[in-house]
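Trainee: Taken in sequence, the protein lines are chains R and L.
First residue of the first sequence: 912, per this note's numbering; consecutive thereafter.
First residue of the second sequence: 912, per this note's numbering; consecutive thereafter.
Built from N, CA and C at the ideal position, the CB exists for glycine as well.
There's a structure below that I have some questions on.
2 protein chains.
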Amino acid sequence: MKTIQSDNYPIFFENSIAELVNFIKNGNYSRFFILTDENTGAHCLPAIKAELGDDDNYDLIEIPAGEENKDIDYCIGIWRTLIDFAADRKSLVVNLGGGVISDMGGFAASTYKRGIDFVHVPTTLLSQVDASVGGKTGIDINSIKNIIGTFTQPKAVFINYNFLKTLPARQILSGTAEMLKHGLIVDAAYWERLKASDLSLPDEELIYWSVEIKNKVVVEDPTEKGIRKALNFGHTVGHAVETNSLINDSDPLTHGEAIAIGMICEAYLSYKKTGLKKEELDEIVAVIGGLYPKYPLATANFVTLCEIMLKDKKNQNGKINCTLLESIGKCTLDHICTDAELCESLAFYASL
Amino acid sequence: MKTIQSDNYPIFFENSIAELVNFIKNGNYSRFFILTDENTGAHCLPAIKAELGDDDNYDLIEIPAGEENKDIDYCIGIWRTLIDFAADRKSLVVNLGGGVISDMGGFAASTYKRGIDFVHVPTTLLSQVDASVGGKTGIDINSIKNIIGTFTQPKAVFINYNFLKTLPARQILSGTAEMLKHGLIVDAAYWERLKASDLSLPDEELIYWSVEIKNKVVVEDPTEKGIRKALNFGHTVGHAVETNSLINDSDPLTHGEAIAIGMICEAYLSYKKTGLKKEELDEIVAVIGGLYPKYPLATANFVTLCEIMLKDKKNQNGKINCTLLESIGKCTLDHICTDAELCESLAFYASL
């Protein structure tokens, strides 16, 4: 396993904590800040502290865990802390956590004094295979995911497999959904490999393969003018289901659980509109349905879900835009879907 | 007078309202938003409405006038309005106003859905010769000016001389300060020309000249790694005086009034540290002192002012960094000034 070179920054897989500490020591930073939540502060920070040794010229910024906290209020809290500690333009922010930490920490750093350096140390499977790579930063407003953000690349990403070993099974499966997506959109061989693997804790090579796929796509199209839209498969419906669940459910869906639903719905749309074979749809439903619990998608919510989809930033001119599949391993971009089609796909999921 | 070409965008001086309407009509935008304050809504919007005619597929977003409103709360209000009106990635924001409108509207647009297009229609002298050119966006937090922002270029700038004719004299003079700065830092001939002009309402050619100077500097160094720091002359002390006045004065200093004080203080530091001649210092004091009312800079505030300067984003490693002058028309970058030197310069101003 090697380092992957992304758009002007490296993604480390081996000895990544030592590489992080080297990066900090060689970076000539005036000081650095570690952004954590209570989980990563307890479970992941000690390994970094041990490697840092006496070199402790840093401050901790802690936010509460959970997507519902990826909002402007906590972002303002991060900005105020940077101000209070007199962070200058030669400061570094180390985002130690899952997607909430990397998205929000990246946004806060990319706008503080018009941009200071940041690196990601993703601690969940989801953030390792998805959020930490590609230079998207973001926060939610009115529970609309990542509606505010920037395209700004981190200076490096440090992926540590050991962090995954203490994660709950549900958190692992949240990341697996994005890995399945990577197979479905561009790599049938990877999909086959995933099908044959134990996905309760994907091994390091599967993670590396997934990062390689995502990285290849984002390097080709960093600001999502074209091929990067491939990564949106499952996300038009999935984001709406996730947003609705965040607002209404006492125990909301994880990102991956919502994307799993979105991928089934959008595979159904692919079967109806873009030539995905019936057997392939069945296979996708069987694999994804076998991994994730069935979610009770109430018919009474379909209109609300369509309204949420319309606010999605992927849309233009009031039309809802989907990435669909031609076959397993081959996606096709920019398919306008009507409310009726989207509702039918939701009903398909509900009927399973 | 011609169009100036900046970093991938044009700055129009002639027929600029007609050019704006052409730009909108030819831009293939799904819709557009005009950001105004109550002043520009009343005095400047009608000219645009008249030129638009029946082409009124836009929404107005109005914020209250004044630097104290360039804060995150109003920015969130802009974001929420864009969400409520379902603004998509092919939407355009037209910033019709002074620096508050262009800085905040630019920031809101550059981060909404990770960036939508925006243009500036600066309506004050200050924003015409300064804020609208150069791609800096920003908002204040804790009254610290532009502490949060991005480097994002507008798609075009439309400068309309007629908008200046209804401005109060104090607002005109706020812009004149930046024009004087342009002469002091790089162009002695321009300084001489300004000295010989009626600065109660500078003519169009002087404005054009000033924009040309600023544009040349920012195109060479868009993200302020080097020569762009020239534009900070007067702003290390000036920003601190302005921030302090915003917090404490019932009728706060305008930006230009604060920068006028800053230029006198930093001209004094230039005389002490970087070879500015005594006659040149006297000349600067006479010209600037002749234009702006004397501000009562209380000795008891000097420590506070130094503390504010330390939080300025121009600084690194806890040292206060100034752009100074070697002579009129020639600046010199990156001079560390101690608290004692800065206090002495404040005392110099107070003693005038």
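1) If you measure from the beta carbon of I1124/L to each beta carbon in chain R, is any gap under 8 Å?
2) Let me know the secondary structure DSSP gives E1278/L once reduced to three states.
3) At the 8 Å Cβ level, is A1020/R part of the contact set with chain L, yes or no?
4) With 8 Å as the threshold, decide whether the Cβ of N919/R is near any Cβ in chain L.
5) Please list, in chain order, all residues of the same chain as G1186/L whose beta carbon is under 8 Å from its beta carbon, the five residues on each side excluded.
6) Are K1092/R and D1245/R closer than 8 Å when you measure CB to CB?
7) Would you call the CB atoms of A997/L and D1014/L closer than 8 Å?
8) What residues of chain R sit near F1062/L, judged by a beta carbon separation below 8 Å?
9) Please name the residue or residues paired with H1031/R in a DSSP beta bridge.
10) Can you tell me the Cβ-Cβ gap for I1118/R and V1128/R, rounded? I've got them flagged as a contact below 8 Å.
11) So L1263/R and V1148/R are supposed to be a Cβ contact under 8 Å. How far apart are they, rounded?
12) In the DSSP output, which residue or residues are listed as bridge partners for Y1023/R?
13) Pull up the distance between the alpha-carbon of G1200/L and that of K1184/L, whole angstroms please.
14) Mind pulling the chain R residues with CB within less than 8 Å of Q1227/L?
15) Contact check, A995/R vs E973/R under 8 Å by CB: the rounded distance?
16) List the residues of chain L whose Cβ lies closer than 8 Å to the Cβ of R991/R, in chain order.
17) What does a CB cutoff of less than 7 Å around F1062/R pick up in its chain, not counting 5 residues either side in sequence?
18) In terms of alpha-carbon separation, which member of Y1179/R, T1034/R, K1001/R, Y1203/R lies closest to G938/R?
19) When you compare the CB positions of F1144/R and M1174/R, do they come within less than 8 Å of one another, or not?
20) Along the alpha helix (DSSP H) that carries Y985/L, what are the first and last residues, could you check?
21) Taking G1167/L as the reference, give the member of V1040/L, I1124/L, A1178/L, S1256/L with the closest Cα.
22) Which residues mark the beginning and the end of the beta strand (DSSP E) in which E973/L is found?
23) Taking Cβ positions only, does K936/L come closer than 8 Å to chain R?
24) In this structure, what does DSSP give as the bridge partners for H1246/L?
25) Could you tell me the distance, in whole angstroms, from the CA atom of D967/L to the CA atom of P1033/L?
26) Could you tell me which residues DSSP pairs with R942/L in its beta bridges?
27) Can you pull out the residues from the stretch 1212-1224 of chain L whose beta carbon lies closer than 9 Å to at least one beta carbon of chain R?
28) Taking a cut of 9 Å between CB atoms, which residues from the stretch 1089-1100 of chain R lie near chain L?
29) Quick one: residues in its chain with C-beta nearer than 6 Å to the C-beta of S1085/R, no 5 flanking neighbours on either side, listed in chain order?
30) Under a CB-based cut-off of 8 Å, is I1231/R close to chain L?
31) Got a sec? Which residues, its chain only, sit under 6 Å from R942/R by beta carbon, not counting five neighbours each side?
32) Within the same chain, show all residues whose beta-carbon is closer than 8 Å to that of D1114/R, passing over the 5 residues directly before and after it, in chain order.
33) Can a CB atom of chain L be found closer than 8 Å to the CB of I1059/R?
34) Taking only runs that begin and end inside the stretch 1104-1192 of chain R, name each unbroken alpha helix (DSSP H) of 4 or more residues, in chain order.
35) So what does DSSP say about F923/R, is it helix, strand or coil?
36) Is T1030/L near K1066/L, with beta carbons less than 8 Å apart?
Mentor: Looking at the atomic coordinates:
1) Chain R has no Cβ within less than 8 Å of the Cβ of I1124/L.
2) Chain L is shown from 912 up to 1263; residue 1278/L falls before or after that span and cannot be answered.
3) Residue contact check for A1020/R against chain L: no CB pair falls below 8 Å.
4) Against chain L, the CB of N919/R has no partner CB under 8 Å away; the residue lies outside that interface.
5) These residues qualify, in order along the chain: E1237, S1238.
6) No. Outside cutoff.
7) Judged by beta-carbon spacing, D1014/L lies beyond the 8 Å limit of A997/L, meaning their Cβ atoms are not closer than that value.
8) Per Cβ cutoff of 8 Å: R1025, G1026.
9) In the DSSP output, where bridge partners are listed per residue, H1031/R has N1006/R, V1068/R.
10) Between V1128/R and I1118/R the Cβ distance is about 16 Å, and since that is not below 8 Å, they are no contact.
11) Not a contact, Cβ separation roughly 14 Å.
12) Y1023/R has I1059/L as its beta-bridge partners, per DSSP.
13) G1200/L and K1184/L have their alpha carbons spaced roughly 22 Å apart.
14) For Q1227/L, the C-beta contacts it makes with chain R under 8 Å involve S941, D999, R1000, K1001, in order along the chain.
15) The identity of residue 995/R in the sequence shown is Asp, whereas the question assumes Ala. Not quite, the Cβ-Cβ distance comes to about 14 Å (not below 8 Å), so this is no contact.
16) Identification of chain L residues near R991/R by a Cβ-Cβ cut-off of 8 Å yields I1052, N1053, ordered along the chain.
17) Cβ contact annotation for F1062/R (same chain, cutoff 7 Å, sequence separation greater than five): G1046, K1047, P1133, T1134, in chain order.
18) It is K1001/R whose Cα lies nearest to the Cα of G938/R.
19) A Cβ-Cβ contact shorter than 8 Å links F1144/R with M1174/R.
20) Counting along the chain, the alpha helix (DSSP H) containing Y985/L begins and ends at 983-995.
21) That would be V1040/L, whose Cα lies nearest to the Cα of G1167/L.
22) E973/L: member of the beta strand (DSSP E) spanning 969-974, first to last residue.
23) Nearest CB-CB separation between K936/L and chain R: not below the 8 Å threshold.
24) According to DSSP, which records beta bridges pairwise, H1246/L is partnered with C1233/L.
25) CA-to-CA, the gap between D967/L and P1033/L works out to about 21 Å.
26) In the DSSP assignment, R942/L is bridged to S1002/L.
27) So the close ones are L1221, K1222, K1224.
28) Within the stretch 1089-1100 of chain R, no residue qualifies.
29) Close CB contacts of S1085/R within its chain, under the 6 Å cut and outside five residues either way in sequence, are with L1037, T1165, H1166, G1167 (chain order).
30) Chain L, which has no Cβ nearer than 8 Å to the Cβ of I1231/R, makes this no.
31) Its chain contains N968, S1002 as the residues whose beta carbon lies nearer than 6 Å to that of R942/R, once the 5 sequence neighbours on both sides are disregarded; these appear in chain order.
32) The residues are S1108.
33) The beta-carbon of I1059/R is placed less than 8 Å from the nearest beta-carbon of chain L.
34) Runs of the alpha helix (DSSP H) inside the stretch 1104-1192 of chain R: 1115-1131, 1146-1159, 1166-1184.
35) Here F923/R sits in strand by DSSP.
36) Residue 1030/L is actually Val in this sequence, not Thr. For V1030/L and K1066/L, yes; Cβs fall inside 8 Å.
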